[in-house]
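161 is the number that the working numbering gives the last residue of the sequence shown; the numbers go up by one with no jumps. Ideal Cβ positions, reconstructed from N, Cα and C, are used throughout, including at glycine. A short write-up of the structure that comes next.
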Amino acid sequence: RNVTAHSLGVVVQDFDGSPKDARLIPKDSLIPASGQGNFSTVQDNQPFVDIIILQGEDEDPEECTRVGDASRLDGIPPQPRGVPQITVTLEYDKSGIVHVHARENTSGKELTTTIEYNALLSGPDMQRAMARAEQAKVQ
Numbered sequence: 023r024n025v026t027a028h029s030l031g032v033v034v035q036d037f038d039g040s041p042k043d044a045r046l047i048p049k050d051s052l053i054p055a056s057g058q059g060n061f062s063t064v065q066d067n068q069p070f071v072d073i074i075i076l077q078g079e080d081e082d083p084e085e086c087t088r089v090g091d092a093s094r095l096d097g098i099p100p101q102p103r104g105v106p107q108i109t110v111t112l113e114y115d116k117s118g119i120v121h122v123h124a125r126e127n128t129s130g131k132e133l134t135t136t137i138e139y140n141a142l143l144s145g146p147d148m149q150r151a152m153a154r155a156e157q158a159k160v161q
């Protein structure tokens, strides 16, 4: 049974400006796995958000592993902070690829990308990779 070894999430900022890890796919989820969250802007008239993917259990992004940057979702219409609604979906497939989809719901602006991250191996896959590495080791 393949499950996620760690939670997957995105970096979000509280209104006080402190970054947090918003976990979208919990640890030990069956693979393939997906999760979704709704977020907003933290500044008035904020025209973009950067989507940063994390792996780990801690709320502090500094204590998590950065899986990758999905890029920037821009074109958010000028609105007061907290008004734009941004839906972020993560899907983790059996090939170890994270599919990222972000959409600002007012304008319909979207961002879609994939991130391949080898450290997302499940326990058995990691053991197989370690065994292969040991066999290939030069004496």
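Query                                                                                                                                : Result
Rounded to whole angstroms, what's the CA-CA distance from alanine 92 to lysine 116? Just pull it up for me.                         : 19 Å
Mark lysine 159 as exposed unless 16 or more other C-beta atoms lie within 10 angstroms of its C-beta, in which case mark it buried. : Since pLDDT at lysine 159 reaches only 44, below the 50 mark, its modelled position is unreliable, and no value is offered.
Give me the Cα-Cα distance between isoleucine 119 and valine 105, rounded to the nearest whole angstrom.                             : 32 Å
Report the three-state DSSP secondary structure of proline 41 (helix, strand or coil).                                               : strand
Would DSSP call glutamate 79 helix, strand or coil?                                                                                  : coil
Output the distance between the C-alpha atoms of glutamine 65 and leucine 76, rounded to the nearest integer angstrom.               : 23 Å
Taking the alpha-carbon of isoleucine 73 as reference, which of Asp50, Glu79 and Val89 has the nearest alpha-carbon?                 : Val89
Return the CA-CA distance between glutamate 132 and asparagine 24, expressed in angstroms with no decimal places.                    : 30 Å
Among Pro83, Glu85, Asn67 and His121, which residue has its Cα nearest to the Cα of proline 102?                                     : Asn67
Would you list the one or two residues that DSSP bridges to glycine 31?                                                              : Arg45 and Leu76
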